[in-house]
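Each remark here refers to the structure printed beneath this line.
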Amino acid sequence: MEDYKIVDLYWERSERAISETKVKYEKMLSGISYSLLGSSEDVEECVNDTYLSAWNQMPNDRPIYLGAYLSKIIRALSINRFRSQHRKKRGGFENLCEELDECIPDNCSIEEQYNNGRLTELIDRFLESLSEEKRVIFVRRYFYSDSVEQIAKRMRMSTSNVKISLYRMRESLRDILEKEAML
Amino acid sequence: MNKSDKRKNSEILLDAVGNIGDRFIFEAEAYVPSKRVSPLRRFTIIAVSLTLILTLTVSVLVGTLTRQNAESAEDDSVDHVQTDAESGTPDNDLHKPPEALPVQSLSSTLISMKEQTASLSSTLDRDTLFDGVARIIWKYEGEDDYRMCSMSRTDAASVASALRSKKNFTRVDATDESDGIDGMWICMGDGMVYSPYLETSNGNVGYGTLFDYERELEPSTEFTELVESIISKKIN
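The listed protein sequences derive, respectively, from chains P and Y.
Each residue of the first sequence is one higher than the one before, starting from 1 at the first, in my numbering.
Each residue of the second sequence is one higher than the one before, starting from 1001 at the first, in my numbering.
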């Protein structure tokens, strides 16, 4: 079922909205959550919370890309769950944070830029500047939390090529954040 | 910046990535990588392509040279005959290339049958195109009536087959020059109307009407002979 039809079901307050969403997106949403949390129980809860969140936010919201809309919700829920449980076990979230450490210039606090929406704007512009292939690699890694091996398989590349691409993109993002911090 | 501050910043950055434009998220989900060609496969493709091009080029050159040699050999034989004639030896017709037989076009064939087909002249009734009888229909310049020749099922099938294949039909440039025929159509009796002077395409098929057209094709000799034989059977 097309996204706009499913969104219509949410707006009509039809229970079919949830079942259709499950059919189309459950696998994708579970994948995103599992990459961050690594626990099936936690994933199931996050997925169900995502459906509830979508139900509560629509109507009001009318997303064009339902998949992207739901992905953002489950990603945020999964990260919050991880933080609230203070996981000591090394998981996807930890690895991602360690990698992104490299992007943060010294003596730079980006909290203010995040709060005023500027940081996301910068990242959007950074993504626009990339080729489609590189952009997909970046988003698959840092939004979808795919492992390097998963990305390599999806992109039909070697893992070393993916790692090199990610490294170079982190360097570029660091340069951009540095220039921005000096303004 | 200490480690915990850096960690805090990287978490903020990760949160910010979560708010990127939907189009990037959609793109990353929908992306299908193009097939990567290995260097060996690429080399093989290039090598095979070059070989084919060389082979074609050599074939064309050899063909051209062979034709030139044949033409110069004919010239030599003509010269030889002429020399014989000068010395009093009679011409040998066998050495002369046969004269090309005149090919009658479909139009000229229909023109040549104008008098014989006078009995087939009739006004056109729309119902005629739908009465289940397949016909060859044509119109001479300057006449109001149409000539209509009904066909047997077997002949209609032969004509339909020839129209479908358009084998040996030749393309012509549209011209305002008149050849005495206003138009020629084949009607299958179900309303469908075709012309042997047009390419077979959806726009070139009529329904329930004899349409005007600009010629795109010259029907083949075989088709002309087929039409001539059908009309001859009718009038004899």
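Even for Gly, the Cβ is constructed at its ideal location relative to N, Cα and C.
- [ ] Identify every run of the alpha helix (DSSP H) within the region 141–171 of chain P, keeping only runs that are complete inside it and at least 4 residues long; order them along the chain.
- [x] 148–155
- [ ] Would you mind giving the Cβ-Cβ distance between S145 (chain P) and G92 (chain P), rounded to the nearest angstrom? I have them listed as a contact below 8 Å.
- [x] With a beta-carbon spacing of about 5 Å, S145 (chain P) and G92 (chain P) fall inside the 8 Å limit used to define contacts.
Open item on the list: Quick check: A17 (chain P) and I6 (chain P), are their CB atoms within less than 8 Å of each other?
Closed with: yes
Task: Complete runs of the alpha helix (DSSP H) confined to the region 20–86 of chain P [at least 4 residues] - done: 40–57 and 66–84
Open item on the list: Between A1162 (chain Y) and chain P, is the shortest Cβ-Cβ distance under 8 Å, so that the two count as touching?
Closed with: no
- [ ] Please name the residue, chosen from Y:R1067, Y:G1132 and Y:A1028, that lies closest to F138 (chain P) on a Cα-to-Cα basis.
- [x] Y:A1028
Open item on the list: On the CB-based measure, 16 or more other CB atoms within 10 Å of its CB, does V1017 (chain Y) come out buried or exposed?
Closed with: Buried is the call here.
- [ ] Starting from C103 (chain P), trace the alpha helix (DSSP H) both ways and give me its first and last residue.
- [x] For C103 (chain P), no alpha helix (DSSP H) segment is defined, and its DSSP state is neither H nor E.
- [ ] Measure the C-alpha to C-alpha separation of L1094 (chain Y) and P1196 (chain Y) and round it to an integer number of angstroms.
- [x] Residue confidence for L1094 (chain Y) is low, a pLDDT of 43 falling below 50, so the modelled location carries little weight; the figure read from the coordinates is stated next. For L1094 (chain Y) and P1196 (chain Y), the distance between alpha carbons rounds to 39 Å.
- [ ] Could you please give the first and the last residue of the uninterrupted alpha helix (DSSP H) stretch that includes Y1213 (chain Y)?
- [x] Counting along the chain, Y1213 (chain Y) falls outside any alpha helix (DSSP H), and DSSP gives it neither H nor E.
Task: Cβ shell of I74 (chain P) (< 6 Å), same chain only, five flanking positions each side left out - done: L29, I32, S33, C46 and T50
TODO: Give a yes or no on whether 8 Å exceeds the smallest Cβ distance from L119 (chain P) to chain Y.
DONE: yes
Task: Whole-angstrom distance between V1048 (chain Y) and P1102 (chain Y), CA atom to CA atom - done: For P1102 (chain Y), the pLDDT reaches just 49, beneath the cut-off of 50, and the residue's location in the model is therefore unreliable, leaving the point undetermined.
Open item on the list: What would DSSP say about I1020 (chain Y), mapped onto helix, strand or coil?
Closed with: coil
Open item on the list: Would V1159 (chain Y) and R1215 (chain Y) qualify as a contact pair, given that the criterion is a beta-carbon distance under 8 Å?
Closed with: Cβ distance not < 8 Å, so V1159 (chain Y) and R1215 (chain Y) don't count as in contact.
- [ ] Mark L1198 (chain Y) as exposed unless 16 or more other C-beta atoms lie within 10 angstroms of its C-beta, in which case mark it buried.
- [x] buried
Open item on the list: 8 Å is my cut-off, CB to CB: does V136 (chain P) come that close to chain Y?
Closed with: Under the Cβ criterion of 8 Å, V136 (chain P) is counted among the residues facing chain Y.
Open item on the list: Quick check on DSSP: helix, strand or coil for I110 (chain P)?
Closed with: coil
Task: Cβ-based neighbour list, D1127 (chain Y), same chain, cut-off 7 Å, excluding 5 preceding and 5 following - done: none
- [ ] Indicate the three-state DSSP secondary structure (helix, strand or coil) for K5 (chain P) in the structure shown.
- [x] Note: K5 (chain P) maps to helix in three-state DSSP.
Task: Limits of the unbroken beta strand (DSSP E) element including S1150 (chain Y) - done: S1150 (chain Y) -> beta strand (DSSP E) spans Y1146 to S1150.
Task: Backbone secondary structure at S1010 (chain Y) - three-state DSSP - done: helix
TODO: Report the neighbours of S1010 (chain Y) on chain P: residues whose CB is nearer than 9 Å to its CB, in chain order.
DONE: L96, C97, E98, E99, L100, D101, E102, C103 and I104
Open item on the list: If you measure between the beta carbons of R125 (chain P) and L166 (chain P), is that distance less than 8 Å?
Closed with: Against a cut-off of 8 Å, the Cβ pair of L166 (chain P) and R125 (chain P) comes out as no contact.
Open item on the list: Would the region 1049–1060 of chain Y count as touching the region 158–175 of chain P if we require 3 or more Cβ pairs under 8 Å?
Closed with: no
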